[in-house]
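Visitor: Numbering (my numbering), first residue to last: 1126 to 1726.
Once you've had a glance at the structure underneath, I'll fire off some questions.
In structure tokens, the structure reads:
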């Protein structure tokens, strides 16, 4: 209750101090913030059981920073293997069962009478009762992917009832159970550790690894210890976790902001975890607070405004800003005086304190000083093409048209564009591809886009008779290419992009490859596996039949394999002489077909 009181007080203080903003909107946010924590406080920690019957260790916690989103639950370790039984954490009803090639893979959603929903993702398989329902739907639709919704009381479950087995399906990087607790009405995820912190041991305090200092929007400036003026400095902490001596910190002037690289730690693991709460004090007064106890999926992409996106793209390092960008709409800041911006307008020492918390109450504190020193501000480039997030922005040339909707950026943007003709392209990732356009460099990949932008690229060498064979790609930093959904329209490729970077149009006239199936037999099952691969636009659809009847084959995009369990009676397998037929199509419409005879015995 003490934590609730502090959070309520912080929300009220933030409301008063930000009175210059729309008061009705602020009041609504404060009420929602308080109500969500009241709902959590009203549920006893013992109400929710753990979903596994093994020692609870986490590979990831709630609110961790991920690419373009926050982690929305807990990742339970499963001892490096699949098929650990997964149990319902409380009584309720199955509200949804989904099967996807990516995302959560196989997942179960349970609605509970206390206003919460629990989610179990990356399952290897469902419980026998659920499995029969899901497979019936798959065979009826002749489709592996399913999103089944159930009414209340259609599939009741008891606390501790088996609902499935842990796995590695979907976009999972290894065997584990992805587990969430959401508010049923809003579907907002909340931190499950609120209920489990007494059962998942954590006595280790967070640690701060680096301090970042930023000059804000040309209104501030830094002078580093090497005598160079700059707009950003990142200072790594020493071995003891202490902030570097003052001589290593830059002199500052004007409007600045701070950021930190920090992690939480837990007993019995070597993993790095996200923080629950961050507080920043200036001369003893709290000026900023970040609390990730819940969020909405609609705002999750605003993570790109919270972090130093450039540092993430270039160095894969997560630095969290302790200030709020103009178009950052995250509702996780109970305190944000002056949006966390610090006005350094005196030549004196400014005393700062960071307090870092995990949800188990462990705390770490870091103190440092910055010296104010009057410095000349940089001159703004008056020749730049500026885009503003409050407006729709467009860019046009003879080869490209770009349209960015309102709120595509988090701050004012000095937009840059460049074009490299096909004959001058040297990228090794394109060495084995025929280019139908040059490479369009659309601003910088170190700057985030919040909304999808419309793109129209002219095909300079429009020679393919089958126009659906053209496809648009983004060139990644590792020189690999990423397929972007786009369509051919009168000599142009049109689509939407969610990232700045390098784009080019390629052609794909090669069908996907189908490799010889492998039959695997043991005491428990008989499986048939088929490797399918498309090295250009990528696999789009597949269809498999045995003896002219559709058969459920599960597709794992991580291994490019199709797998079927031949024990299923719906297949009607013959002892000898079964005909397996496989049809595949890639994203450019190229098709392939193979067939084999095989015996079940």
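Built from N, CA and C at the ideal position, the CB exists for glycine as well.
At the level of alpha carbons, what is the spacing between residue 1533 and residue 1429?
Guide: To locate residue 1533, count along the chain shown from 1; it is residue 408. To locate residue 1429, count along the chain shown from 1; it is residue 304. Their backbone Cα atoms lie some 12 Å apart in a straight line.
Visitor: Which of the three DSSP states, helix, strand or coil, is assigned to residue 1250?
Guide: Taking the first residue of the chain shown as position 1, residue 1250 is located at position 125. Residue 1250: strand per DSSP, three-state reduction.
Visitor: How far does the beta strand (DSSP E) with residue 1211 in it reach, from first residue to last?
Guide: Taking the chain shown and counting its residues from 1, one reaches residue 1211 at position 86. Run containing residue 1211: 1210-1212, per the beta strand (DSSP E) assignment.
Visitor: Cβ of residue 1470 within 8 Å of Cβ of residue 1448?
Guide: Numbered from 1 along the chain shown, position 345 holds the residue referred to as residue 1470. Numbered from 1 along the chain shown, position 323 holds the residue referred to as residue 1448. No, these two residues do not count as a Cβ contact at 8 Å.
Visitor: Which whole-angstrom value is the C-beta distance of residue 1259 and residue 1251, which I expect to be below 8 Å?
Guide: Your numbering for residue 1259 matches position 134 in the chain shown. Your numbering for residue 1251 matches position 126 in the chain shown. Indeed they touch by this definition, with Cβ atoms about 6 Å apart.
Visitor: Pull up the CB-CB distance for residue 1520 and residue 1542, whole angstroms please, since I reckon it's below 8 Å.
Guide: Start at 1 with the first residue of the chain shown, and residue 1520 comes out as number 395. Start at 1 with the first residue of the chain shown, and residue 1542 comes out as number 417. With a Cβ gap of about 6 Å, residue 1520 and residue 1542 count as contacting.
Visitor: Assuming residue 1188 contacts residue 1399 under a Cβ cut-off of 8 Å, what Cβ separation, rounded to an integer in Å, is found between them?
Guide: Within the chain shown, the letter at position 63 stands for residue 1188. Within the chain shown, the letter at position 274 stands for residue 1399. Right, the Cβ-Cβ distance comes to about 5 Å (below 8 Å), so this counts as a contact.
Visitor: If you reduce the DSSP assignment to three classes, tell me which class residue 1389 lands in.
Guide: Here residue 1389 refers to the residue found at position 264 when the chain shown is read from its first residue. In the structure shown, residue 1389 sits in a strand (DSSP, three-state: E or B).
Visitor: Applying the criterion that 16 or more other CB atoms from any shown protein chain within 10 Å of the CB defines a buried residue, is residue 1704 buried or exposed?
Guide: For the purposes of this step, residue 1704 is taken as the residue at position 579 of the chain shown. With fewer than 16 Cβ atoms within 10 Å of its Cβ, residue 1704 is classed as exposed.
Visitor: Would you mind listing the alpha helix (DSSP H) stretches within the stretch 1305-1371 that are 4+ residues and don't spill past its ends, in chain order?
Guide: Those alpha helix (DSSP H) runs which fall completely within the stretch 1305-1371 and span 4+ residues are 1318-1321.
Visitor: Could you please give the first and the last residue of the uninterrupted beta strand (DSSP E) stretch that includes residue 1480?
Guide: Mapped onto the chain shown, residue 1480 falls at position 355. Per DSSP, residue 1480 belongs to the beta strand (DSSP E) from 1474-1482.
Visitor: Are the CB atoms of residue 1495 and residue 1477 within a distance shorter than 8 Å?
Guide: Sequence index remark: in the chain shown, residue 1477 carries index 352 (1-based). Sequence index remark: in the chain shown, residue 1495 carries index 370 (1-based). A contact, by the Cβ cut-off of 8 Å.
Visitor: Go ahead and label residue 1548 buried or exposed: buried means 16 or more other beta carbons lie within 10 angstroms of its beta carbon, across all protein chains shown.
Guide: Taking the chain shown and counting its residues from 1, one reaches residue 1548 at position 423. Exposed, by the Cβ-count rule.
Visitor: Touch check for the stretch 1579-1587 and the stretch 1615-1632: three-plus C-beta pairs under 8 Å?
Guide: At 8 Å Cβ cutoff, the stretches touch.
Visitor: Enumerate in chain order the residues of its own chain whose CB-to-CB distance from residue 1266 is below 8 Å, with the five nearest sequence positions on each side excluded.
Guide: For this step, residue 1266 is matched to residue 141 along the chain shown. So no residue of the chain qualifies.
Visitor: Could you tell me the alpha carbon to alpha carbon distance between residue 1455 and residue 1302, rounded to whole angstroms?
Guide: Locating residue 1455 in the chain shown gives position 330, counting from the first residue. Locating residue 1302 in the chain shown gives position 177, counting from the first residue. Taking the straight line from one Cα to the other gives about 27 Å.
Visitor: Which residues bound the beta strand (DSSP E) around residue 1499?
Guide: For the purposes of this step, residue 1499 is identified with residue 374 of the chain shown, where counting begins at 1. No beta strand (DSSP E) contains residue 1499, which DSSP labels as neither H nor E.
Visitor: Expressed to the nearest angstrom, what Euclidean distance is found between the alpha-carbon atoms of residue 1358 and residue 1377?
Guide: Numbered from 1 along the chain shown, position 233 holds the residue referred to as residue 1358. Numbered from 1 along the chain shown, position 252 holds the residue referred to as residue 1377. Going by the C-alpha atoms only, they are around 11 Å apart.
Visitor: Who are the Cβ neighbours of residue 1246 in its own chain at under 6 Å, not counting the five residues just before and after it?
Guide: On the chain shown, residue 1246 is found 121 positions in, with the first residue counted as 1. The answer, listed in chain order, is 1229, 1232, 1303.
Visitor: Unbroken alpha helix (DSSP H) runs of length 4 or more, entirely within the stretch 1506-1590: which are they?
Guide: Correct list: empty.
Visitor: Say whether the stretch 1683-1692 touches the stretch 1710-1724, bearing in mind that this needs 3 or more beta-carbon pairs closer than 8 Å, one atom from each stretch.
Guide: The stretch 1683-1692 is not in contact with the stretch 1710-1724.
Visitor: Buried or exposed: residue 1333, going by 16 or more other Cβ atoms within 10 Å of its Cβ?
Guide: Taking the first residue of the chain shown as 1, we reach residue 1333 at position 208. When all chains shown are included, residue 1333 counts as buried.
Visitor: Only counting the same chain, and skipping five residues up and downstream in sequence, which positions put a Cβ closer than 6 Å to that of residue 1640?
Guide: Against the chain shown, residue 1640 aligns to sequence position 515. Contacts found: 1656.
Visitor: Count the other CB atoms within 10 Å of the CB of residue 1568; is the residue buried (16 or more) or exposed (fewer)?
Guide: Position 443 of the chain shown, counting from 1, holds the residue named residue 1568. Classification for residue 1568: buried.
Visitor: Suppose you measure from the CA of residue 1330 to the CA of residue 1490; what does that come to, to the nearest Å?
Guide: Walking along the chain shown from the start, residue 1330 turns up at place 205. Walking along the chain shown from the start, residue 1490 turns up at place 365. Taking the straight line joining both Cα atoms gives about 10 Å.
Visitor: Measure from the alpha carbon of residue 1420 to the alpha carbon of each residue in 1341, 1467, 1306, 1337, then state which is nearest.
Guide: Taking the chain shown and counting its residues from 1, the one referred to as residue 1420 is at position 295. If we check each option's Cα against that of residue 1420, 1306 comes out closest.
Visitor: Bridge partners for residue 1281 per DSSP, in chain order?
Guide: Taking the chain shown and counting its residues from 1, the one referred to as residue 1281 is at position 156. The partner list for residue 1281 (beta bridge, DSSP) reads 1218.
Visitor: Measuring only the C-alpha atoms, how far is residue 1248 from residue 1551?
Guide: One-based indexing of the chain shown puts residue 1248 at position 123. One-based indexing of the chain shown puts residue 1551 at position 426. Rounded to the nearest angstrom, the two C-alpha atoms are 43 Å apart.
Visitor: Going by DSSP, what residue range makes up the beta strand (DSSP E) through residue 1706?
Guide: Looking up residue 1706 in the chain shown gives position 581. Here the beta strand (DSSP E) through residue 1706 covers 1703-1711.
Visitor: Excluding the five sequence neighbours on either side, which residues of its own chain have a C-beta within less than 6 Å of the C-beta of residue 1546, listed in chain order?
Guide: As a working mapping, residue 1546 is identified with position 421 in the chain shown. If we look at residue 1546 and ignore the five residues flanking it on each side, its Cβ neighbours are 1563.
Visitor: Answer yes if the stretch 1400-1415 comes into contact with the stretch 1437-1448, meaning at least three C-beta pairs across the two stretches below 8 Å, and no otherwise.
Guide: Yes, the stretch 1437-1448 touches the stretch 1400-1415.
Visitor: Do residue 1592 and residue 1665 have their beta-carbon atoms positioned less than 8 Å apart in this structure?
Guide: Along the chain shown, read from residue 1 onward, the residue named residue 1665 stands at position 540. Along the chain shown, read from residue 1 onward, the residue named residue 1592 stands at position 467. Going by C-beta atoms, residue 1665 is not nearer than 8 Å to residue 1592.
Visitor: Is the stretch 1668-1680 close to the stretch 1620-1636, with three or more CB pairs under 8 Å?
Guide: Contact between the stretch 1668-1680 and the stretch 1620-1636 is absent, because fewer than three Cβ pairs lie under 8 Å.
Visitor: How would you call residue 1511, buried or exposed, if buried means at least 16 neighbouring beta carbons within 10 angstroms?
Guide: Looking up residue 1511 in the chain shown gives position 386. Looking at its Cβ environment, which holds fewer than 16 other Cβ atoms inside 10 Å, residue 1511 is exposed.
Visitor: Ordered along the chain, which non-local residues of its own chain (more than five positions away) have a Cβ less than 8 Å from that of residue 1161?
Guide: Here the question's residue 1161 lines up with position 36 in the chain shown. With a pLDDT of 47 at residue 1161, under the threshold of 50, the modelled position of this residue cannot be trusted, and the question is left open.
Visitor: Where does residue 1258 fall in DSSP's three states?
Guide: Taking the first residue of the chain shown as position 1, residue 1258 is located at position 133. Residue 1258 falls in the helix class under three-state DSSP.
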